[in-house]
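What follows is a set of notes on a single structure, which appears directly below.
Residue numbers (the numbering used here): 5 to 357.
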């Protein structure tokens, strides 16, 4: 459905179709994520338990937030309390959370690319499973990160800061969104990205990431002890693999980005900042791959732009729209096969059937 819709989107000039087709995708994916059973997604039970541990405003839910009697970010806690003020259904909570995730992503994609449904196609091929079916607060935070990108692209720095702090209230790892701010503050260019990419490749090959973090991480930083424990733990500190599938794929995409930089930049208004985010995220993942889970989560806030970048690259490289569309579909299919059959994912089950 998404593949056919994305072809129609790419080939039509009808404004109504371009507006309503992505909205149908938003509703469809929200239903899939919101109406799943406890068996779908690694942390469904955890979030369900979190949900029932909170109460609404009338039942002193705000007091629990102010007492910081929970282990995650305050923005998500406020969201749960507001929801429980009116409803006490975990199914409704998961549906609304999925809807918020998809809607926030939709409005960001709508601003960043004319190929909105094509971006949804790539998003559905793997990020939907990791951002909407699992790690739901992470999914919302990463979608907010795309709004940070847009605001930086149009030089609205105050709004970009607002969205960054909003994302951090959902997931602390979104602090990595300050990296593009630093890039813009220092007025760096494409050459710096290319140099940083090859430098991170060398760092990753040597395996210096863990040693560097232990050396420079200050003791006064909030949750510094927790971060070091994550780094040293067997569960979260295992290396992502310097030459793992994701790193290799991202590295190849970076090379395509560098080669077609000028053409894509001239064709798509926000390509530059989409590319900056992706390359910075890839550099982090390559250089600090031995930090495992932590750097995987942080870098994904930046490499999320892949779902918009890849279609842009294909529609620039190939003159025929159909060939561009076919290449995006094959890429999405490859992602889906890797996720479902190589990494493994629980078969989908719905509460309706």
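Beta carbons are placed, not taken as given, at the ideal position from N, Cα and C, and that holds for glycine.
1) Excluding sequence positions up to five away, which residues of its chain have a Cβ less than 7 Å from the Cβ of residue 239?
2) Taking 8 Å as the threshold, find out whether the region 131-149 comes into contact with the region 287-299 through three or more Cβ pairs.
3) Using a Cβ distance threshold of 8 Å, determine whether the region 156-166 contacts the region 120-127, with at least three qualifying pairs required.
4) If contacts are defined as beta-carbon pairs under 8 Å, then residue 184 and residue 317 qualify, I think. What distance do you get, rounded to the angstrom?
5) Between the C-alpha atoms of residue 187 and residue 168, what's the straight-line distance to the nearest angstrom?
6) Could you give the distance in angstroms between the alpha-carbon of residue 202 and the alpha-carbon of residue 192?
7) Would you identify the three-state DSSP class for residue 239, choosing helix, strand or coil?
8) Pick helix, strand or coil for residue 323, following the three-state DSSP scheme.
9) Put residue 354 into one of helix, strand or coil per three-state DSSP.
10) How is residue 40 classed by DSSP in three states: helix, strand or coil?
11) Below 8 Å on the Cβ atoms is my contact criterion, and I expect residue 181 with residue 305 to pass it. Report the Cβ-Cβ distance as a whole number of Å.
12) Any contact of the region 61-75 with the region 36-52, i.e. 3+ C-beta pairs under 8 Å?
13) Alpha carbon to alpha carbon, what distance is there between residue 121 and residue 4?
14) Is the region 105-122 touching the region 264-283 in the sense that three or more CB pairs, one from each, lie closer than 8 Å?
15) Using the Cβ count rule (16 or more neighbours within 10 Å means buried), how would you classify residue 31?
16) Could you pull out every residue in the same chain whose Cβ sits closer than 6 Å to the Cβ of residue 309, ignoring the five residues on either side in sequence?
17) Here's the rule: buried if 16 or more other CB atoms are within 10 angstroms of the residue's CB, otherwise exposed. What is residue 51?
18) In whole angstroms, give me the CA-to-CA distance for residue 254 and residue 205.
19) Who are the near neighbours of residue 302 in its chain, counting only those whose CB is closer than 6 Å to its CB and skipping five residues on each side?
20) Could you check if residue 8 is buried or exposed, using at least 16 other CB atoms within 10 Å of its CB as the buried criterion?
21) Should residue 19 go down as buried or exposed, given a rule of 16 or more other Cβ atoms within 10 Å for buried?
22) From residue 85 to residue 173, what distance separates their C-alpha atoms?
23) Would the beta-carbon of residue 320 fall within 7 Å of that of residue 268?
24) With DSSP run on the structure shown, which of helix, strand or coil describes residue 293?
25) Evaluate the contact criterion for the region 143-159 versus the region 99-112: three or more CB pairs, one atom per stretch, below 8 Å.
26) Give the single residue among 44, 90, 77 whose Cα lies nearest to the Cα of residue 352.
27) Span of the alpha helix (DSSP H) holding residue 141?
28) Under the rule that 16 or more other beta-carbon atoms within 10 Å means buried, what is residue 152, buried or exposed?
29) Looking at the structure shown, is residue 101 part of a helix, part of a strand, or coil, going by DSSP?
30) Is it right to say residue 251 is buried, meaning 16 or more other beta carbons lie within 10 angstroms of its own, or is it exposed?
31) Between the alpha carbons of residue 241 and residue 297, how many angstroms are there, rounded?
32) Within 10 angstroms of the Cβ of residue 339, are there 16 or more other Cβ atoms? Answer buried if so, exposed if not.
33) Suppose only complete runs of 4+ residues qualify. What are the alpha helix (DSSP H) ranges in the region 22-99, listed by chain order?
34) Pick out whichever of 23, 355, 295, 325 has its Cα sitting closest to the Cα of residue 215.
The answer reads as follows:
1) Counting from 1 along the chain shown, the entry for residue 239 is found at position 235. At residue 239, the pLDDT of 48 sits below 50, so the modelled position is not reliable; the number obtained from the coordinates is stated separately. Leaving aside the five residues that flank residue 239 on each side, none in its chain has a CB nearer than 7 Å to its CB.
2) Short answer: they don't touch.
3) Output reads no: the region 120-127 does not touch the region 156-166.
4) Here residue 184 refers to the residue found at position 180 of the chain shown. Here residue 317 refers to the residue found at position 313 of the chain shown. Their Cβ separation, rounded to whole angstroms, is 20 Å, which puts residue 184 and residue 317 out of contact at 8 Å.
5) In the chain shown, the residue the question calls residue 187 occupies position 183. In the chain shown, the residue the question calls residue 168 occupies position 164. Distance between the alpha carbons of residue 187 and residue 168 is about 15 Å.
6) For the purposes of this step, residue 202 is taken as the residue at position 198 of the chain shown. For the purposes of this step, residue 192 is taken as the residue at position 188 of the chain shown. Those two C-alpha atoms are separated by around 16 Å.
7) Along the chain shown, read from residue 1 onward, the residue named residue 239 stands at position 235. Residue placement at residue 239 cannot be trusted, given a pLDDT of 48 that sits under 50; what the coordinates show is reported in the next sentence. The DSSP-derived three-state label of residue 239 is coil.
8) Looking up residue 323 in the chain shown gives position 319. Look at residue 323 here: in three-state DSSP terms it is coil, with no helix or strand label.
9) As a position in the chain shown, residue 354 is number 350, starting the count at 1. Residue 354 falls in the strand class under three-state DSSP.
10) What you label residue 40 is simply residue 36 of the chain shown in a count that begins at 1. When secondary structure is reduced to three states using DSSP, residue 40 falls in the strand class.
11) Indexing the chain shown from 1 puts residue 181 at position 177. Indexing the chain shown from 1 puts residue 305 at position 301. Confirmed, about 6 Å.
12) Result no; under three Cβ-Cβ pairs closer than 8 Å.
13) In the structure as shown, the chain begins at 5 and stops at 357. Residue 4 is therefore absent and cannot be evaluated.
14) Short answer: they touch.
15) The count along the chain shown starts at 1 and reaches residue 31 at position 27. Residue 31 is exposed by the Cβ-count criterion.
16) If you number the chain shown from 1, residue 309 lands on position 305. For residue 309, where only same-chain residues beyond five positions count, the Cβ hits under 6 Å are 278, 281, 282.
17) Position 47 of the chain shown, counted from the first residue, corresponds to residue 51. Around the beta carbon of residue 51, 16 or more other beta carbons lie within 10 angstroms, which makes this residue buried.
18) Position 250 of the chain shown, counted from the start, is the residue given in the question as residue 254. Position 201 of the chain shown, counted from the start, is the residue given in the question as residue 205. Whole-angstrom Cα-Cα distance: 12 Å.
19) Your numbering for residue 302 matches position 298 in the chain shown. Excluding sequence neighbours, residue 302 sits near 177, 180.
20) Here residue 8 is taken as the residue at index 4 of the chain shown, counted from 1. Burial call: exposed.
21) In the chain shown, the residue the question calls residue 19 occupies position 15. Exposed, by the Cβ-count rule.
22) Reading the chain shown from its first residue, position 81 is the one you call residue 85. Reading the chain shown from its first residue, position 169 is the one you call residue 173. Rounded to the nearest angstrom, the two C-alpha atoms are 14 Å apart.
23) As a working mapping, residue 320 is identified with position 316 in the chain shown. As a working mapping, residue 268 is identified with position 264 in the chain shown. Contact annotation: residue 320 and residue 268 have beta-carbon atoms nearer than 7 Å.
24) Indexing the chain shown from 1 puts residue 293 at position 289. Three-state result, residue 293: helix.
25) The region 143-159 makes contact with the region 99-112, as at least three CB pairs between them are under 8 Å.
26) Your numbering for residue 352 matches position 348 in the chain shown. Between residue 352 and the set 44, 90, 77, the nearest pair of CA atoms involves 44.
27) Taking the chain shown and counting its residues from 1, the one referred to as residue 141 is at position 137. Residues 140-157.
28) Sequence index remark: in the chain shown, residue 152 carries index 148 (1-based). Residue 152 is buried by the Cβ-count criterion.
29) Position 97 of the chain shown, counting from 1, holds the residue named residue 101. The three-state reading of DSSP puts residue 101 in helix, counting H, G and I together.
30) Indexing the chain shown from 1 puts residue 251 at position 247. Per the 10 Å Cβ criterion, buried.
31) Here residue 241 is taken as the residue at index 237 of the chain shown, counted from 1. Here residue 297 is taken as the residue at index 293 of the chain shown, counted from 1. Interpretation of residue 241 is limited by its pLDDT of 44, a score under 50 that renders its predicted location unreliable; the figure taken from the coordinates is listed afterwards. Their Cα atoms are separated by approximately 6 Å.
32) Counting from one through the chain shown, the residue named residue 339 turns up at place 335. With 16 or more other Cβ atoms within 10 Å, it is buried.
33) Runs of the alpha helix (DSSP H) inside the region 22-99: 48-57, 65-70, 78-90.
34) If you number the chain shown from 1, residue 215 lands on position 211. Residue 215 has its Cα closest to that of 295, out of 23, 355, 295, 325.
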